[in-house]
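Just below is one structure, and these are the notes that go with it.
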Ligand code: PDD
């Protein structure tokens with residue numbers, strides 16, 4: 575499996591970074607995960623646009639963002655990814671002697687791109703739904719930046735895993751905000767609701783797509799708060815994300831949402847999502 579690292583295509587096992595890379599020392603960088611469907615990158619422009627915004631917010635100057643798209647295309651070819659896959663991109667502020675302030679001008683960012691086959695979650699999870707837990711949101715207040723500093727997400731997802739659940743839902747001030755690696759949606763009286771695009775969530779590329787699909791299906795969708803205390807008054811709950819696609823949640827903290835079956839609007843959205851994929 576070849577990967578791209580700082581302008582070179584090398585076998586993954588030979589791709590190494592210096593120990594003073596600021597990604598390693600400070601989690602000083604951003605990342606993206608995009609899907610490959612039918613051997614082609616999916617919604618790549620949107621992912622690169624979000625990465626450009628993250629880099630700008632962190633003031634990491636990357637001259638050749640377009641080179642990343644080209645690198646991903648070449649890796650898809652070289653690695654023979656002709657069906658489903660994922661693209662992982664990570665850019666850090668580069669390697670420099672450890673000090674908190676930015677390194678000297680001219681320090682090149684570290685750029686890593688991988689593209690490999692991906693096996694989707696089992697069909698039964700999409701058909702029968704999954705379980706989630708709620709978890710305190712201890713993250714910083716710039717969750718809109720897709721930072722590689724993911725410790726709260728790691729701990730939350732591990733807690734879900736340990737509880738036999740698929741996802742942990744972050745709760746801040748009584749509001750269920752988003753998942754550890756996905757956005758949360760509620761359906762009540764036929765209307766979709768999801769947390770507002772703000773500094774408290776990552777505005778998912780799939781989240782934007784769900785708004786478009788809902789519009790096409792004539793399902794009203796809006797931004798708003800899903801309160802923890804109202805969670806079981808929702809008719810349906812689901813997650814959206816690049817690897818999560820559209821995933822029904824049928825139980826939270828061990829308690830069923832309605833009858834513990836995926837709801838009809840979630841199922842319609844999942845079908846619409848699948849139908850529009852390039853194959
Ligand atoms: N996670 N919220 C968080 C905290 C995320 O990490 C993600 C994506 C999303 C959904 O965003 P999108 O639809 O653009 O994938 C929401 C990626 C897939 C990950 O960390 O693996």
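In the numbering used here, the protein residues as written are 575 to 853.
Note that CB positions come from ideal geometry on N, CA and C, so glycine has one too.
Note that the structure is predicted; figures quoted are calculated from it, not measured.
- The beta carbon of residue 579 is closer than 6 Å to those of 589 and 686 in its chain, skipping five residues each way along the sequence.
- By a beta-carbon distance limit of 8 Å, residue 753 does not contact residue 791. Their separation comes to about 23 Å.
- In the three-state scheme derived from DSSP, where H, G and I count as helix and E and B as strand, residue 596 is classed as helix.
- Inside the segment 782-826, DSSP marks whole beta strand (DSSP E) runs of 3 or more residues at positions 795-797, 810-815 and 819-826, from first to last along the chain.
- In this structure the segment 696-715 lies against the segment 821-832, because at least three pairs of beta carbons, one per stretch, are closer than 8 Å.
- In this structure, residue 766 has its beta carbon at no less than 6 Å from each heavy atom of ligand 1.
- The beta carbon of residue 722 sits closer than 7 Å to those of 597, 601, 603, 604, 605 and 664, all from its chain and outside the five residues before and after it, given in chain order.
- Distance from residue 817 to residue 779 at the Cβ level is roughly 12 Å; contact not present, criterion being Cβ atoms closer than 8 Å.
- Between residue 846 and residue 758, the C-beta gap is not smaller than 7 Å, which leaves the two residues out of contact.
- Sequence-distant partners of residue 711 (beyond 5 residues in either direction) whose C-beta falls short of 7 Å from its own C-beta, in its chain, are 744, 745, 746 and 751.
- Check the Cα spacing between residue 768 and each of 740, 805, 735 and 738: the tightest is with 805.
- Annotated three-state conformation of residue 653 is coil, per DSSP.
- Between the segment 652-670 and the segment 607-618 there are three or more inter-stretch CB-CB distances shorter than 8 Å, so the stretches are counted as touching.
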